[in-house]
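Undergrad: I'd like to ask some things about the structure below.
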Amino acid sequence: MSGNSLGALLAWMRDNPNLSGWDFITAFSAGQLNSLLQAHHVQRWLTHTAIDDLTGTLQIANTKLTYHLLGYRLGPASLVPGQASWQTPRLTQAVAMEGGLLVATERGEVTALSAHDALDALALQYRLPVASDGPRLSVDLAQIEQVHFALSDQVAGSEESTAFIRALFNALPESKRVSTLFDFPSVPGNRFLGVRQLALRTHDSKADGQLAVVLFASLEQGPTGSLPSDRSNFPFLLPDDLPGDVPANACVLLSRRVLHRAAYANGLTGMFDAAAFSYTHAGQVLTEMRATSGVLRGARRQVRTRDFMFNCEAFEVPAAGGIEPLGALFDDDGVQMTWRSQFALKCSYTRHDSQYPQLLAVTFAFTMSHRFDLCLATPAEDAGGLLLGYFHWPLGVIGEVTPVSGMPTLPAAEVAQIEHAAGLVLKQAILEGLSRNLTAYVPEQLLATALLPGGTSLFVEHAEYPHGLAAFVKAQGADAFRLIDENVHLAAGASHVFRVYPPQVGVRWSVAILPGERGEPGRIDPTTGVYTAPPRHAIDENGVKIRITVTQPSTAIQQVGLITVLPHALTVNPLIQVCWSEDQVELSAGTTGEQLEWQIINPRPGSGTLDVVEGAPFKRTYIAGAQVADLHYVLDEVQMRDVTSGQERSLHVLVRQKPSSLTLTCTPLAAGRRQFTAMFNGQPMADVNWRVALGPGHFVQRGRYEPGSNDGERFLLVFADLDSPFGLLEGHLIVVLDERWPDAVWVGSETTTHSDIDPRG
1 MSGNSLGALL AWMRDNPNLS GWDFITAFSA GQLNSLLQAH HVQRWLTHTA IDDLTGTLQI
61 ANTKLTYHLL GYRLGPASLV PGQASWQTPR LTQAVAMEGG LLVATERGEV TALSAHDALD
121 ALALQYRLPV ASDGPRLSVD LAQIEQVHFA LSDQVAGSEE STAFIRALFN ALPESKRVST
181 LFDFPSVPGN RFLGVRQLAL RTHDSKADGQ LAVVLFASLE QGPTGSLPSD RSNFPFLLPD
241 DLPGDVPANA CVLLSRRVLH RAAYANGLTG MFDAAAFSYT HAGQVLTEMR ATSGVLRGAR
301 RQVRTRDFMF NCEAFEVPAA GGIEPLGALF DDDGVQMTWR SQFALKCSYT RHDSQYPQLL
361 AVTFAFTMSH RFDLCLATPA EDAGGLLLGY FHWPLGVIGE VTPVSGMPTL PAAEVAQIEH
421 AAGLVLKQAI LEGLSRNLTA YVPEQLLATA LLPGGTSLFV EHAEYPHGLA AFVKAQGADA
481 FRLIDENVHL AAGASHVFRV YPPQVGVRWS VAILPGERGE PGRIDPTTGV YTAPPRHAID
541 ENGVKIRITV TQPSTAIQQV GLITVLPHAL TVNPLIQVCW SEDQVELSAG TTGEQLEWQI
601 INPRPGSGTL DVVEGAPFKR TYIAGAQVAD LHYVLDEVQM RDVTSGQERS LHVLVRQKPS
661 SLTLTCTPLA AGRRQFTAMF NGQPMADVNW RVALGPGHFV QRGRYEPGSN DGERFLLVFA
721 DLDSPFGLLE GHLIVVLDER WPDAVWVGSE TTTHSDIDPR G
């Protein structure tokens with residue numbers, strides 16, 4: 001047990017029955033909100049509002065280094081723990097940037113290339129202000145702050161990276177940049193549940209540090225409270241000791257005041273047409289409602305007393321007239337209705353032992369009062385809601401209804417029964433009027449209309465009601481089921497068995513490509529949920545995202561998840577990196593497995609070593625070896641092997657031992673061919689030896705490159721050397737093989753025009 005107790009929460013509610021001045025307070029665990037954001041992410045793909053093409057260039061100040069980002073898309077956001085704040089409405093989020101290409105250039109030459117996918121994504125973290133607009137909380141990615149962008153340690157938290165990411169987000173259309181986080185639209189038929197103000201804060205548990213996102217709301221005719229501070233005793237709202245081991249993923253607190261106001265005030269305003277009321281507040285708290293217009297209409301009705309049967313005609317009572325117009329007094333525990341006025345009633349009544357009715361037309365004065373309160377429904381009383389409403393009419397009240405005019409001289413016992421019948425028909429009219437709109441389903445009405453990320457609904461699993469309502473909820477419908485694996489990463493051709501909880505009989509499974517994706521969706525058995533990913537040749541080189549849907553046929557309820565199919569079960573980055581002897585290079589990998597083995601293949605003089613990164617099993621630091629005097633380059637191959645699958649992938653580090661003496665350029669030609677040129681002291685050189693060290697294709701003559709077949713390779717590493725009177729001249733060039741990379745020729749920091757003509761004949 002971590003110490004987040006239900007007792008502490010209920011004790012705070014006892015001492016703060018008005019919830020610090022708020023009508024209701026809602027808390028979500030970080031895990032629950034992350035699940036909602038995952039569902040929201042899938043929904044945005046389906047509505048073509050996902051962020052799927054972030055492209056830009058980041059020039060690092062006071063250096064010749066430039067980073068080029070090509071075609072990145074954002075994965076689902078998740079909350080970063082340890083970033084709670086009562087002071088400002090904000091969320092600190094981490095998000096994966098995937099599906100893109102990162103090219104580093106220095107003085108115009110490619111020095112590093114990474115291809116990030118869902119297994120090894122580019123990490124982005126930022127603080128995101130949350131804007132409140134009445135019942136709606138929204139976020140705008142253009143407003144991000146404190147960006148930590150994991151391009152390199154040099155730029156991770158710099159002002160440059162913040163400005164760069166903000167500019168990328170600013171360029172997005174509003175439909176992709178701005179999204180609604182929470183929305184509480186008007187509740188049909190109950191304006192007293194309309195949210196006037198909504199505030200968001202984050203809170204971490206003093207017991208175990210877990211994070212909760214907390215919403216504070218004021219409703220129609222309700223107060224706006226004060227927000228907690230670091231010094232307040234505000235409890236952590238997600239206890240870990242709920243009965244039956246119910247997980248506290250989300251909690252809703254509703255004060256008694258708001259429950260009774262939303263129930264009874266709504267019933268009061270629906271008693272008659274054209275109703276109008278005055279409202280009295282103590283501070284911001286509603287204490288009284290009084291009718292200023294409207295007419296209560298009572299229907300024809302029979303009433304039986306001890307000695308008589310009364311046939312009462314329809315009647316009307318002006319709600320705003322009399323000594324005390326119809327109204328209600330609200331306190332911390334319930335509602336008191338009061339009404340003192342007069343009404344005229346026509347009826348006939350007959351003794352039970354007679355056939356001869358007597359006619360009456362009497363005006364009565366009345367003093368009506370009852371109390372209404374809500375209680376938690378017991379299992380025996382369960383009518384489909386959490387609460388039950390009770391009316392308490394005082395019994396045996398003398399003078400509740402008394403004749404003013406029209407009453408003939410009759411025996412006292414007979415008059416008493418007439419008064420009793422008149423009181424009954426009036427009370428019945430009041431109750432029937434209230435019943436049009438009065439309901440105890442206030443929590444259900446509020447939760448049913450709440451719009452959460454991903455379109456998820458809230459369903460109560462456990463409730464307490466000693467000092468207001470504390471309801472612990474799950475984010476799904478009452479009859480819903482949950483897709484256990486809602487975000488799965490698979491290698492091409494791999495299989496996975498999808499399941500739901502609780503287990504369901506007869507559910508149907510289907511898969512479909514998400515909008516904008518390229519590739520095939522794979523196959524799923526519609527009855528068993530056994531899924532087989534498409535083969536590698538049937539998907540894009542960056543992978544493909546697929547929607548999986550499971551449907552309960554009897555209810556048409558659906559759950560949706562996300563499958564990301566990748567070309568390989570193992571991803572490594574950077575694919576190639578250029579450095580100098582004794583430099584350090586950060587290497588990373590991602591896998592569908594659990595353990596990797598790392599090694600440098602065929603080490604030689606000048607080869608580097610690999611250091612473990614503490615707490616990061618899928619990262620290593622490559623440390624280049626000492627300089628080798630008689631070499632221009634050392635090319636190291638670093639191989640990673642997935643222990644589970646046996647799959648191997650390699651990356652390469654090109655360690656420069658001395659400055660290149662040849663400058664290489666490349667001009668794109670037709671059909672993937674290229675013309676390479678070697679320059680020495682600004683002059684093109686002949687008799688150059690060319691070779692493709694890494695990548696597809698080969699050289700045929702005088703720097704002419706033929707592409708050959710390409711099995712998803714992202715770059716060429718080309719070496720050139722030339723014997724000269726000055727000794728052996730050498731140079732290298734990395735050519736990016738990706739359609740998103742500008743097809744230009746880089747010579748130092750200059751570009752040349754494209755040509756399909758071999759300049760050397």
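The sequence shown begins at 1 in UniProt numbering and counts up by one. Idealized CB from N, CA, C, for every residue including glycine.
Assign A478 to buried or exposed, taking buried as 16 or more other Cβ atoms, counted over all protein chains shown, within 10 Å of its Cβ.
TA: For A478, the predicted model reports a pLDDT of 46, less than 50, meaning its position is unreliable; a value from the coordinates is still stated below. Looking at its Cβ environment, which holds fewer than 16 other Cβ atoms inside 10 Å, A478 is exposed.
Undergrad: Out of F498, I546, L490, state which residue places its alpha-carbon closest to the alpha-carbon of P515.
TA: I546
Undergrad: Buried or exposed: where does W509 fall if 16 or more other Cβ atoms within 10 Å of its Cβ makes it buried?
TA: buried
Undergrad: Quick check on the burial criterion: 16 or more other C-beta atoms within 10 angstroms. Buried or exposed for L198?
TA: buried
Undergrad: With the cut-off set at 8 Å, would you say V473 and I484 are in Cβ contact?
TA: no
Undergrad: Here's the rule: buried if 16 or more other CB atoms are within 10 angstroms of the residue's CB, otherwise exposed. What is H489?
TA: buried
Undergrad: Buried or exposed: where does E174 fall if 16 or more other Cβ atoms within 10 Å of its Cβ makes it buried?
TA: exposed
Undergrad: Below 8 Å between beta carbons: does that hold for G222 and D23?
TA: yes
Undergrad: At what residue ranges does the stretch 148 to 188 contain a whole run of the beta strand (DSSP E), taking only runs of 3 or more?
TA: 178 to 183, all fully within the stretch 148 to 188.
Undergrad: Residues in the same chain with beta-carbon distance under 8 Å from N602, minus the five sequence neighbours each way, listed in chain order, please.
TA: Excluding sequence neighbours, N602 sits near E637.
Undergrad: Compare the beta carbon distance of Q559 and F459 with 8 Å and say whether it is the shorter of the two.
TA: Between Q559 and F459, the CB-CB gap reaches or exceeds 8 Å.
Undergrad: Applying the 10 Å Cβ sphere with the 16-neighbour rule, what's the burial state of R306?
TA: exposed
Undergrad: Could you tell me which uninterrupted alpha helix (DSSP H) segments, each at least 4 residues in length, are contained entirely in the stretch 238 to 304, listed from first to last along the chain?
TA: 256 to 260, 266 to 269
Undergrad: Relative to the C-alpha of V692, which residue among Q701, A686, P684 is closest?
TA: Q701
Undergrad: Compare the beta carbon distance of L238 and A491 with 8 Å and say whether it is the shorter of the two.
TA: No.
Undergrad: What's the call for I398, buried or exposed, on a 16-neighbour Cβ count within 10 Å?
TA: Classification of I398: exposed, given that the 10 Å Cβ count is below 16.
Undergrad: Flag this pair as touching only if the stretch 370 to 377 and the stretch 404 to 412 have three or more C-beta atom pairs under 8 Å; answer yes or no.
TA: no
Undergrad: Around the Cβ of G267, are there at least 16 other Cβ atoms within 10 angstroms (buried) or fewer (exposed)?
TA: buried
Undergrad: Please classify R300 as buried or exposed, where buried requires at least 16 other C-beta atoms within 10 Å of its C-beta.
TA: exposed
Undergrad: Looking at the unbroken beta strand (DSSP E) that takes in S435, where does it start and where does it end?
TA: Counting along the chain, S435 falls outside any beta strand (DSSP E), though it belongs to the alpha helix (DSSP H) covering 412 to 435.
Undergrad: Quick one: Cα of N249 to Cα of S29, how far?
TA: Using only the alpha carbons, I get a separation of about 5 Å.
Undergrad: Nearest by alpha-carbon distance to L211: which of T202, L219, S218, D245 is it?
TA: Cα-wise, what sits closest to L211 is T202.
Undergrad: Alpha carbon to alpha carbon, how far is G71 from E706? Give it in angstroms, no decimals.
TA: E706 and G71 have their C-alpha atoms some 27 Å from each other.
Undergrad: Take R44 and list the residues in its own chain whose beta-carbon comes closer than 7 Å to its own, dropping the five residues that flank it on each side.
TA: A50, listed in sequence order.
Undergrad: Less than 8 Å separating the beta-carbons of H125 and A94?
TA: The question names His, but residue 125 in the sequence shown is Gln. It is a contact, given that the beta carbons lie within the stated cut-off.
Undergrad: For a test of the three-state rule: what should DSSP assign to V195, helix, strand or coil?
TA: strand
Undergrad: Counting Cβ pairs, one atom from each stretch, are 3 or more of them under 8 Å apart for the stretch 452 to 470 and the stretch 52 to 59?
TA: Remark: fewer than three beta-carbon pairs, one from each stretch, lie closer than 8 Å, so the stretch 452 to 470 and the stretch 52 to 59 are not flagged as touching.
Undergrad: Less than 8 Å between the CB atoms is what I'm expecting for F277 and R290, so what's the real figure, rounded?
TA: With 8 Å as the limit, F277 and R290 qualify as a contact, their Cβ atoms being about 6 Å apart.
Undergrad: Under 8 Å, with one C-beta from each stretch per pair, do the stretch 444 to 462 and the stretch 11 to 22 reach the 3-pair mark?
TA: Fewer than three Cβ pairs drawn from the stretch 444 to 462 and the stretch 11 to 22 lie within less than 8 Å of each other, which leaves the two stretches out of contact.
Undergrad: Have a look at F149 and L102 and give me their C-alpha separation to the nearest angstrom.
TA: 13 Å
Undergrad: Can you name the residues that DSSP bridges to L651?
TA: The partner list for L651 (beta bridge, DSSP) reads V638.
Undergrad: Does T667 come out as helix, strand or coil in the three-state DSSP assignment?
TA: strand
Undergrad: Write down the C-beta distance between T591 and L570 rounded to the nearest angstrom, noting that I regard them as a contact closer than 8 Å.
TA: For a cut-off of 8 Å, the C-beta gap from T591 to L570 is around 5 Å, short enough to register as a contact.
Undergrad: Taking 8 Å as the cut-off, does the stretch 715 to 728 touch the stretch 684 to 691 (at least 3 CB pairs, one atom from each stretch)?
TA: Yes, the stretch 684 to 691 is in contact with the stretch 715 to 728.
Undergrad: Taking the beta strand (DSSP E) that T55 falls in, what are its first and last residues?
TA: 54 to 59
Undergrad: Cα separation between V42 and M97?
TA: Cα to Cα, the separation comes out at about 16 Å.
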